[in-house]
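The numbering used here applies: residue 373 is where the sequence shown begins, and numbers increase by one.
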Amino acid sequence: MASVAGWEVARPRRPGRVAGVSMAGFRACGPAPVDVRVVPHPAVSLALEFGDGPLVVDAATGRQRRGNLVAGFLHGAMRVRGERVECVQVRLSPVAAYTVLGTSPAELDHVVVTLDDLWGRPAARIREQLAEARSWPDRFALTEALFVRRLERGRSVDPEVAWAWRRIAGSRGRVRIDRLAVEVGWSRKRLWSRFRGQIGLPPKRAAKLVRFDHAVHRLAAGDDAARIAADGGYVDQSHLHRDVLEYSGVTPATVAGETWLAVDHIAWAGYPRGLRPAVTRAASSA
């Protein structure tokens with residue numbers, strides 16, 4: 373387990389069995405309450421909370437939510453805060469989210485909802501099981517088993533839509549959007565309608581969010597903004613500045629120091645190591 377910026381962070385010891393599903397464990401540590409700004413990410417996020425203190429989310433819409441939460445594709449500022457918070461956070465690719473949640477991510481756009489609203493009693497049951505578990509590996513196993521069951525029973529996105537999403541994500545948002553319909557053999561209208569309904573975003577906006585995600589993580593790692601803009605497909609550095617401001621509400625210089633991004637390289641695979649804040653090792657993985 374690693375400790376950074378008021379959080380102890382645990383990762384599963386082995387890759388998960390479910391494609392498009394990533395997990396990490398978070399435990400608030402230190403005397404001060406946790407209060408961090410959430411940076412938008414191209415995934416649907418679940419917070420399965422089981423600690424003594426409530427997890428509180430102040431959404432961009434002005435609404436406040438507590439407990440087990442589901443956040444759709446964020447656009448703008450959102451804050452997570454609380455004391456004695458413990459949770460398993462799950463990131464779902466939009467392809468997996470469509471099946472696991474039992475609803476389209478389009479229904480969650482700009483919204484944070486409680487898992488109880490979506491799942492009812494099973495949401496309360498997983499909280500009880502996580503609270504009773506004695507270690508992070510046990511909690512990860514419980515969470516994965518729940519998601520495997522839901523994937524086996526849930527509906528899947530169209531193969532053409534899943535392929536289009538993989539093209540967008542694999543290109544880091546730089547794929548030619550106008551070519552996607554041609555490549556899958558559908559009309560533009562059909563692909564855009566199915567993609568929006570099943571993934572939750574229009575293809576162009578999905579690509580923009582993926583591109584933003586890679587750019588801000590490079591900013592957090594200390595890379596030069598001009599180089600990031602050139603490599604990331606932005607017209608120029610001003611274009612990068614506008615996108616960062618639009619999605620995060622702050623400038624590139626400010627977003628580079630966000631705690632949320634500093635934690636990402638520890639909690640999730642595939643991100644560059646941030647330069648700040650400093651990370652220390654914790655002794656226990658329980």
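Backbone N, C-alpha and C define an ideal beta-carbon position, used for all residues, glycine too.
Between P649 and A634, what straight-line distance do the alpha-carbon atoms span, to the nearest angstrom?
The residue labelled residue 649 in the question sits at position 277 within the sequence shown. The residue labelled residue 634 in the question sits at position 262 within the sequence shown. Any reading at P649 is ruled out, since the residue's pLDDT is 38, under 50, leaving its predicted position unreliable.
Measure from the alpha carbon of E380 to the alpha carbon of each residue in C401, P624, L523 and E500, then state which is nearest.
Taking the first residue of the sequence shown as 1, we reach residue 380 at position 8. For E380, the nearest C-alpha among the options comes from C401.
So, does the stretch 396-415 touch the stretch 569-583, judging by three or more C-beta pairs under 8 angstroms?
In this structure the stretch 396-415 lies against the stretch 569-583, because at least three pairs of beta carbons, one per stretch, are closer than 8 angstroms.
May I have the straight-line CA-CA distance separating R463 from A419, to the nearest angstrom?
What you label residue 463 is simply residue 91 of the sequence shown in a count that begins at 1. What you label residue 419 is simply residue 47 of the sequence shown in a count that begins at 1. Answer to the nearest angstrom: the Cα atoms are 9 angstroms apart.
For G474, which option in G629, W491, P509 and V485 has the closest C-alpha, if you only look at C-alpha atoms?
Locating residue 474 in the sequence shown gives position 102, counting from the first residue. When each option's Cα is compared against that of G474, the closest is W491.
Sort out for me which residues DSSP pairs M395 with in a bridge.
Within the sequence shown, numbered from 1, the residue matching residue 395 stands at position 23. The partner list for M395 (beta bridge, DSSP) reads V462.
Just the C-alpha distance for D660 and W640, rounded to the nearest angstrom, thanks.
It is not possible to answer for residue 660, since the shown part of the chain is limited to 373 through 658.
By the three-class DSSP mapping on this structure, what secondary structure does A505 have?
Locating residue 505 in the sequence shown gives position 133, counting from the first residue. DSSP places A505 in coil when its eight states are reduced to three.
Pick from D550, V460, L514 and A468: whose alpha carbon is nearest that of A396?
Counting from one through the sequence shown, the residue named residue 396 turns up at place 24. The candidate whose alpha carbon is nearest that of A396 is V460.
Whole angstroms is fine: what's the gap from L322's alpha carbon to R456's?
No information on residue 322 is available, as it lies outside the stretch 373 to 658 that the chain covers here.
Could you check the C-alpha separation between A658 and L502 for me, to the nearest Å?
For this step, residue 658 is matched to residue 286 along the sequence shown. For this step, residue 502 is matched to residue 130 along the sequence shown. Any reading at A658 must be qualified, since the residue scores a pLDDT of 45, below 50, and its modelled position is unreliable; the value itself is stated next. Straight-line Cα distance between these residues: approximately 13 angstroms.
In chain order, what residues of the same chain have a beta carbon less than 6 angstroms from the beta carbon of A443, not counting five sequence neighbours either side?
Translated into positions along the sequence shown, residue 443 becomes position 71. Excluding positions up to five away in sequence, the list reads S417 and V484.
Just to confirm my understanding: we take E532, look at its own chain, exclude 5 residues before and 5 after, and list those with CB closer than 8 angstroms. What are they?
Position 160 of the sequence shown, counted from the first residue, corresponds to residue 532. Excluding residues within five positions, the ones whose Cβ falls inside 8 angstroms are V556, G557, W558, L563 and R566.
Does the stretch 611-620 come within contact of the stretch 586-601, defined as at least 3 CB pairs closer than 8 angstroms?
Output reads yes: the stretch 586-601 touches the stretch 611-620.
Where S465 and A404 are concerned, what is the direct C-alpha to C-alpha distance, given to the nearest angstrom?
Position 93 of the sequence shown, counted from the start, is the residue given in the question as residue 465. Position 32 of the sequence shown, counted from the start, is the residue given in the question as residue 404. Cα to Cα, the separation comes out at about 32 angstroms.
Put G454 into one of helix, strand or coil per three-state DSSP.
Within the sequence shown, the letter at position 82 stands for residue 454. In the displayed model, G454 falls within a strand according to three-state DSSP.
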